[in-house]
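According to this note's numbering, the sequence shown holds residues 163 to 373 in order.
These notes concern the structure reproduced below.
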Amino acid sequence: MSVLIAIDGPAASGKGTLARRLARHFNVPHLDTGLLYRATAAGLLAQGARLDDVDQAVAVARGLALTDFNEDTLRGREMGEAASVVAAIPEVRDALIEAQRRFAARPEGAVLDGRDIGTVICPDAPVKIFVTASPETRAQRRALELAGRGEKVEFEAILEDIRKRDARDSGRSSAPLKAAEDALTLDTTKLGIEEAFAAALKIVTEKAPRG
Ligand code: CDP
Numbered sequence: 163m164s165v166l167i168a169i170d171g172p173a174a175s176g177k178g179t180l181a182r183r184l185a186r187h188f189n190v191p192h193l194d195t196g197l198l199y200r201a202t203a204a205g206l207l208a209q210g211a212r213l214d215d216v217d218q219a220v221a222v223a224r225g226l227a228l229t230d231f232n233e234d235t236l237r238g239r240e241m242g243e244a245a246s247v248v249a250a251i252p253e254v255r256d257a258l259i260e261a262q263r264r265f266a267a268r269p270e271g272a273v274l275d276g277r278d279i280g281t282v283i284c285p286d287a288p289v290k291i292f293v294t295a296s297p298e299t300r301a302q303r304r305a306l307e308l309a310g311r312g313e314k315v316e317f318e319a320i321l322e323d324i325r326k327r328d329a330r331d332s333g334r335s336s337a338p339l340k341a342a343e344d345a346l347t348l349d350t351t352k353l354g355i356e357e358a359f360a361a362a363l364k365i366v367t368e369k370a371p372r373g
């Protein structure tokens, strides 16, 4: 039995935590596709290239190996911002589609999380969850996460980041952030990690009963 779960949602909605928990629960591999865009941005910046240098960005995206991300460097605040800039380049998205679909086609199943998993990468996934939360709640979660990394940032600045990123991710023409028509929305504004996980698990077991 295999299970393919597509999870999408805006910045700091809790989709990464949910995706990791679900993958562990079902014992399938997990791909955080945001890391692909973060790593593309990091590669460009390391070369001293501009984030809007399409040819260089495509070359970096094509050269990524899905396994060797240095998550610690990639998870910072600046890289999230830079990732959303390169993620708006259609050629960069195209360069990353195949690797994501290959990952999703693993025989044992997989969990992928991002912005366009249910709409573009895995439109046939049997389980699609769109994870949301209010901007204020997301900003609070991001503030805690960044504080845990030793990055001290004002709450207002983080909220501003979140609003800007929502606008950029939802407003772009190529694979904008939106729920697939057959996705179930999970609003985690008032849910803790365990409650959100329980709600997600219920969705998965109802959508894709396993033998
Ligand atoms: O954790 P957070 O949601 O802040 O960031 P992320 O999931 O690592 O994504 C960083 C940026 O990459 C997002 O703001 C999107 O612009 C972009 N992204 C995307 O366009 N498509 C995906 N499948 C995943 C991320």
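All C-beta atoms, glycine included, are put in the ideal place defined by N, C-alpha and C.
Given the structure is predicted, the values throughout are model-derived calculations rather than measurements.
Judged by their CB atoms, Val293 and Thr350 are nearer to each other than the 8 angstroms cut-off. Going by beta carbons, Val190 and Val366 fall outside the 8 angstroms limit. No Cβ-Cβ contact shorter than 8 angstroms links Phe317 with Leu180.
Excluding five sequence positions before and after Ser246, the CB atoms of its chain that fall closer than 7 angstroms to its own CB belong to Arg327, Arg330 and Asp331, given in chain order.
In the DSSP assignment, Phe292 falls within the beta strand (DSSP E) that extends over Val289 to Thr294. Annotation for Asp278 indicates a beta carbon within 7 angstroms of some heavy atom of ligand 1. Leaving aside the five residues that flank Ile324 on each side, the residues in its chain whose CB is nearer than 8 angstroms to its CB run, in chain order, Pro172, Ala173, Ala174, Pro297, Arg300, Ala301 and Arg304. Shown here for Ala185: same chain residues with a beta carbon closer than 6 angstroms to its own, the five before and five after excluded, namely His192 and Val273 in chain order.
With a beta-carbon spacing of about 18 angstroms, Ile279 and Ala361 fall beyond the 8 angstroms limit used to define contacts. At least 8 angstroms separates the beta-carbon of Ala221 from that of Leu213. Per DSSP, reduced to three states, the secondary structure at Leu166 is strand. Relative to Val216, the option among Phe265, Phe188 and Asp256 whose CA is nearest is Asp256. With respect to the 8 angstroms criterion, Arg334 and Ala201 are not classified as neighbours on the basis of their beta carbons.
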